[in-house]
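Asker: Quick one: structure below, then a few questions.
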Amino acid sequence: MIAFPGYETVIRRVYENKQEHVFEYWNDLNDSEKKNLLDDLSDVDFSLLLNLFFSAEDAGEMHFDAAPYIALPKSSDEKKEYEKAREAGDLHVRQGKVAAFVVAGGQGSRLGYDGPKGMFPVGPVSGKTLFHIHAEKIAAYSQKYGVHIPFLIMTSRSNHPVTVDYFNKNDFFGLGRDNVFIFPQNMIPSLDAQGKLILESKKSIFKNPDGHGGSLTALYTSGVLERLKERGVETISYFQVDNPLVRIIDSAFIGFHVLRGADVSSKAVKKAYPEEKVGIFVRYGNNTIGVVEYSDMPEEKTHSLDEKGDLRFSSGSIAIHLFQREFVERVTAGTDIALPFHTARKKIKALVGGVRKEVEGFKFEKFVFDALPLTEKNIVFETLREDEFAPVKNSSGVDSVESAQSMMSEQHRRWLRNRGIRVPGKTRVIEISPLVAVEQEDLDAGIKVPEEEQVYIDTNR
Ligand code: UTP
304 MIAFPGYETV IRRVYENKQE HVFEYWNDLN DSEKKNLLDD LSDVDFSLLL
354 NLFFSAEDAG EMHFDAAPYI ALPKSSDEKK EYEKAREAGD LHVRQGKVAA
404 FVVAGGQGSR LGYDGPKGMF PVGPVSGKTL FHIHAEKIAA YSQKYGVHIP
454 FLIMTSRSNH PVTVDYFNKN DFFGLGRDNV FIFPQNMIPS LDAQGKLILE
504 SKKSIFKNPD GHGGSLTALY TSGVLERLKE RGVETISYFQ VDNPLVRIID
554 SAFIGFHVLR GADVSSKAVK KAYPEEKVGI FVRYGNNTIG VVEYSDMPEE
604 KTHSLDEKGD LRFSSGSIAI HLFQREFVER VTAGTDIALP FHTARKKIKA
654 LVGGVRKEVE GFKFEKFVFD ALPLTEKNIV FETLREDEFA PVKNSSGVDS
704 VESAQSMMSE QHRRWLRNRG IRVPGKTRVI EISPLVAVEQ EDLDAGIKVP
754 EEEQVYIDTN R
């Protein structure tokens with residue numbers, strides 16, 4: 304057995320769990336590298352990993368029906384109810400009870416961008432990054448509601464320093480240092496096909512961020528939840544970094560959430576086609592509402608039609624939620640209620656026999672929508688895809704930078720048209736700065752769009 308003063312317990316646990324192969328290069332390491340490896344091992348929960356390894360892919364049978372949802376308003380009564388909700392939401396925001404929360408700890412492997420996804424340039428004309436656009440939206444909402452809306456950013460251990468640096472260099476995009484909270488999520492080791500820890504280098508084991516579901520725990524462990532409580536924030540508006548179209552502060556959505564006393568509320572769009580790869584809102588037998596991943600949807604349910612001939616399971620999740628701060632406290636602060644881990648088979652770059660190569664392994668991740676069935680009350684709220692959802696997942700094709708940019712440009716063209724503002728025929732791409740209009744109604748009807756192919760509207764000129 305190897306030895307290192309002060310780390311006796313960690314070393315013993317590694318041997319007890321038959322993971323001593325992680326010390327294969329021990330004799331090549333200097334003292335600080337040895338310490339690095341042992342520190343890396345010190346927070347490993349071996350019994351959790353063992354459990355996850357042996358229960359991998361055992362989803363079990365699920366019974367569920369389609370979830371009810373608040374549909375877009377059509378009748379005048381529905382419109383009145385919507386208006387009431389909007390007023391309640393406006394008040395909630397104005398009273399400083401809402402914070403914005405972006406999860407940005409993902410690895411963005413499909414996009415193939417070497418850096419935090421939030422720093423990816425996405426503005427179709429301005430070339431502004433995702434972080435920049437989100438921050439300007441929050442600045443615009445803060446201005447509109449006369450409050451400082453806190454901006455919470457969850458990073459991963461690996462992209463944290465770069466993200467902090469980026470916000471520092473850009474002076475927090477005018478939001479004020481005290482209103483921006485950047486904190487890393489936790490990591491969990493991956494295992495190889497035999498259930499063994501994987502060496503990333505001679506002095507470190509391979510860990511991956513613990514999924515967007517880790518965000519609730521990270522809010523608690525970072526101390527941010529406590530800070531929100533001190534500031535009187537009650538509701539956390541959650542979104543993903545790769546959606547430049549997100550309406551970060553949506554007063555009607557917030558209003559329904561508040562008036563109905565929900566712990567969590569979620570936005571849904573109609574699935575574009577039965578096999579679309581989005582999670583689906585369902586109601587389980589015990590009446591709780593949750594999300595089933597497309598890959599777990601039985602074939603016959605994917606195509607099942609209702610009495611009207613419409614898709615029965617048609618409400619797709621777009622990963623936009625409202626969380627009550629108290630609910631997050633309930634499921635994180637010292638309780639044993641925890642979100643489950645999901646297992647994914649992945650190829651992992653490892654150091655094996657002194658050579659770097661890809662090995663088959665298991666990565667474990669939590670999904671934020673697994674919080675839904677833990678609520679006492681949650682609601683699903685319908686919205687339009689073209690208004691709110693343009694995910695940047697791939698570098699080309701479906702859900703790509705191009706598709707997101709064209710949706711952004713189309714949205715802004717629609718806003719201008721709806722406000723009776725002429726867009727010249729030669730204008731191919733158009734972008735409006737959030738500081739000019741974060742919603743259609745903010746646009747000054749007197750704006751003149753210049754006769755140019757690419758137009759960026761950054762002042763109400
Ligand atoms: P995705 O599941 O699309 O993952 O994340 P990704 O890392 O961005 O992209 P791929 O799959 O590697 O190509 C959806 C959202 O959840 C965040 C991401 O940053 C993104 O905003 N996320 C994901 C985290 O914050 N942490 C995680 O551990 C995983």
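Here the numbering used here is used: the first residue of the sequence shown is 304, the next is one more, and so on. C-beta atoms are modelled at their ideal positions from N, C-alpha and C, and glycine is treated no differently. Owing to the predicted nature of the structure, the values given are computational and were not obtained by experimental measurement.
#1: If the criterion is Cβ atoms closer than 8 Å, does the pair GLU661 and LYS652 meet it?
#2: Whole angstroms is fine: what's the gap from GLU756's alpha carbon to LYS729's?
#3: At a cut-off of 7 Å, is MET422 close to the ligand UTP when judged by its beta-carbon and the heavy atoms of the ligand?
#4: Taking 7 Å as the cut-off, is the CB of LYS696 close to at least one heavy atom of the ligand UTP?
#5: Three-state secondary structure (DSSP) at SER703?
#6: Exposed or buried, which one is GLY421 when buried takes at least 16 other CB atoms within 10 Å?
#7: Do the CB positions of LEU522 and VAL631 come within less than 8 Å of each other?
#8: Determine the burial state of GLY657: buried for a count of at least 16 other Cβ atoms within 10 Å of its Cβ, exposed for fewer.
#9: Report all residues from its chain with a CB closer than 6 Å to the CB of HIS560; omit the five preceding and five following residues, and keep chain order.
#10: For the alpha helix (DSSP H) containing TYR385, list its first residue and its last residue.
#11: Please say whether GLN714 and ASP690 have beta carbons closer to each other than 8 Å?
#12: Starting from ILE621 and walking both ways along the beta strand (DSSP E), at which residues does that stretch end?
#13: Would you say the beta carbon of GLU668 is closer than 7 Å to some non-hydrogen atom of the ligand UTP?
#14: Please report the Cβ distance between PRO563 and ILE682, rounded to the nearest whole angstrom; I am assuming they are in contact, meaning their Cβ atoms lie under 8 Å.
#15: Is the segment 454 to 472 touching the segment 407 to 422, taking contact as three or more C-beta pairs under 8 Å?
#16: Ends of the alpha helix (DSSP H) at LEU352?
#17: LEU614: which of ILE621, GLU668, LYS604 and LYS382 sits nearest, CA to CA?
#18: Please classify PHE670: does DSSP put it in a helix, a strand, or coil?
#19: Counting only the same chain and skipping the five closest in sequence on each side, list residues whose C-beta sits under 8 Å from that of GLU679.
#20: So does LEU675 have its beta carbon nearer than 7 Å to some heavy atom of the ligand UTP?
#21: Does the Cβ-Cβ distance between PRO492 and LYS510 come in under 8 Å?
#22: Label THR762 either buried or exposed according to how many other C-beta atoms from any shown protein chain fall within 10 Å of its C-beta, with 16 as the threshold for buried.
#23: Comparing the CB of ALA707 with every heavy atom of the ligand GTP, is any distance shorter than 7 Å?
#24: Express the C-alpha separation of LYS505 and PHE659 in angstroms, rounding to a whole number.
#25: For the alpha helix (DSSP H) containing SER698, name the first residue and the last one.
#26: Assuming ALA403 contacts SER540 (C-beta within less than 8 Å), just tell me the rounded distance between them.
#27: So, using beta-carbon positions, are ILE724 and VAL758 closer together than 8 Å?
#28: Relative to the C-alpha of PRO547, which residue among LEU433, ASP343, GLY749 and LYS337 is closest?
#29: If you draw a straight line from the alpha carbon of ALA555 to that of ASN339, how long is it in whole angstroms?
#30: How about GLY593 and LEU675: do their beta carbons lie closer than 8 Å?
#31: For ASN697, which residues from the same chain have a beta carbon less than 7 Å from its beta carbon, with the 5 sequence-adjacent residues on both sides left out?
#32: Regarding PRO464 and the ligand UTP, is the C-beta to nearest heavy atom distance less than 7 Å?
#33: Does the distance between the C-beta of GLY517 and the nearest non-hydrogen atom of the ligand UTP fall short of 7 Å?
#34: Is ARG550 near the ligand UTP - that is, is its Cβ less than 7 Å away from at least one heavy atom of it?
Answerer: From the atom records:
#1: As a working mapping, residue 661 is identified with position 358 in the sequence shown. As a working mapping, residue 652 is identified with position 349 in the sequence shown. Cβ atoms of GLU661 and LYS652: closer than 8 Å.
#2: Taking the first residue of the sequence shown as position 1, residue 756 is located at position 453. Taking the first residue of the sequence shown as position 1, residue 729 is located at position 426. Roughly 5 Å separates the two Cα atoms.
#3: Residue numbering aside, residue 422 sits at position 119 when the sequence shown is read from its first letter. Incorrect: MET422 has no Cβ contact closer than 7 Å to the ligand UTP.
#4: To locate residue 696, count along the sequence shown from 1; it is residue 393. Yes, the ligand UTP has a heavy atom inside 7 Å of this Cβ.
#5: Looking up residue 703 in the sequence shown gives position 400. In this structure, SER703 counts as strand in the three-state DSSP scheme.
#6: As a working note, residue 421 is residue 118 in the sequence shown. Answer is buried; the Cβ neighbour count reaches 16.
#7: Translated into the one-based positions of the sequence shown, residue 522 becomes position 219. Translated into the one-based positions of the sequence shown, residue 631 becomes position 328. The answer is yes: Cβ separation under 8 Å.
#8: Along the sequence shown, one-based indexing puts residue 657 at 354. GLY657 is exposed by the Cβ-count criterion.
#9: As a working note, residue 560 is residue 257 in the sequence shown. Excluding sequence neighbours, HIS560 sits near SER568 and LEU625.
#10: On the sequence shown, residue 385 is found 82 positions in, with the first residue counted as 1. Here the alpha helix (DSSP H) through TYR385 covers 379 to 397.
#11: In the sequence shown, the residue the question calls residue 690 occupies position 387. In the sequence shown, the residue the question calls residue 714 occupies position 411. Against a cut-off of 8 Å, the Cβ pair of GLN714 and ASP690 comes out as a contact.
#12: By one-based count along the sequence shown, residue 621 stands at place 318. It spans 618 to 627 - the beta strand (DSSP E) in which ILE621 sits, taken as one unbroken run.
#13: Position 365 of the sequence shown holds residue 668. Answer for GLU668: yes, Cβ within range of the ligand UTP.
#14: Residue 563 sits at position 260 when you count from the first residue of the sequence shown. Residue 682 sits at position 379 when you count from the first residue of the sequence shown. This sequence places Arg at residue 563; Pro is not what is there. ILE682 and ARG563 do touch by the CB rule: their CB atoms are close to 6 Å apart, below 8 Å.
#15: yes
#16: Taking the first residue of the sequence shown as position 1, residue 352 is located at position 49. 349 to 357 is the extent of the alpha helix (DSSP H) around LEU352.
#17: Here residue 614 refers to the residue found at position 311 of the sequence shown. Of the listed residues, the one whose Cα sits closest to LEU614 is LYS604.
#18: Residue mapping note: residue 670 aligns to position 367 of the sequence shown, counting from 1. Reduced to three states, the DSSP call for PHE670 is coil.
#19: Looking up residue 679 in the sequence shown gives position 376. Taken in chain order, the residues that qualify are ASP566.
#20: Residue 675 sits at position 372 when you count from the first residue of the sequence shown. If you check the C-beta of LEU675 against the ligand UTP, you find no heavy atom less than 7 Å away.
#21: Locating residue 492 in the sequence shown gives position 189, counting from the first residue. Locating residue 510 in the sequence shown gives position 207, counting from the first residue. Cβ distance < 8 Å, so PRO492 and LYS510 count as in contact.
#22: Against the sequence shown, residue 762 aligns to sequence position 459. THR762 should be labelled exposed.
#23: In terms of ligand content, the structure shown lacks the ligand GTP and carries the ligand UTP instead.
#24: Residue 659 sits at position 356 when you count from the first residue of the sequence shown. Residue 505 sits at position 202 when you count from the first residue of the sequence shown. Inspection of the sequence shows that residue 659 is occupied by Arg rather than by Phe. Between ARG659 and LYS505, the C-alpha separation is close to 11 Å.
#25: Along the sequence shown, read from residue 1 onward, the residue named residue 698 stands at position 395. Counting along the chain, SER698 falls outside any alpha helix (DSSP H), and DSSP gives it neither H nor E.
#26: Residue 403 sits at position 100 when you count from the first residue of the sequence shown. Residue 540 sits at position 237 when you count from the first residue of the sequence shown. Taking C-beta atoms under 8 Å as the contact rule, ALA403 and SER540 qualify, at a distance of about 5 Å.
#27: Residue 724 sits at position 421 when you count from the first residue of the sequence shown. Residue 758 sits at position 455 when you count from the first residue of the sequence shown. In this structure, the beta-carbon distance from ILE724 to VAL758 does not fall below 8 Å.
#28: Looking up residue 547 in the sequence shown gives position 244. Among LEU433, ASP343, GLY749 and LYS337, the Cα nearest to that of PRO547 is on LEU433.
#29: If you number the sequence shown from 1, residue 555 lands on position 252. If you number the sequence shown from 1, residue 339 lands on position 36. Cα-Cα distance, rounded: 50 Å.
#30: For this step, residue 593 is matched to residue 290 along the sequence shown. For this step, residue 675 is matched to residue 372 along the sequence shown. Yes, they are a contact pair.
#31: The residue labelled residue 697 in the question sits at position 394 within the sequence shown. Within the same chain, ASN697 has close Cβ partners ARG413, LEU414 and SER703.
#32: The residue given as residue 464 occupies position 161 in the sequence shown. No, the ligand UTP has no heavy atom inside 7 Å of this Cβ.
#33: On the sequence shown, position 214 is the one that residue 517 refers to. Yes, Cβ of GLY517 sits closer than 7 Å to a heavy atom of the ligand UTP.
#34: For the purposes of this step, residue 550 is identified with residue 247 of the sequence shown, where counting begins at 1. Not under cutoff, so the answer is no.
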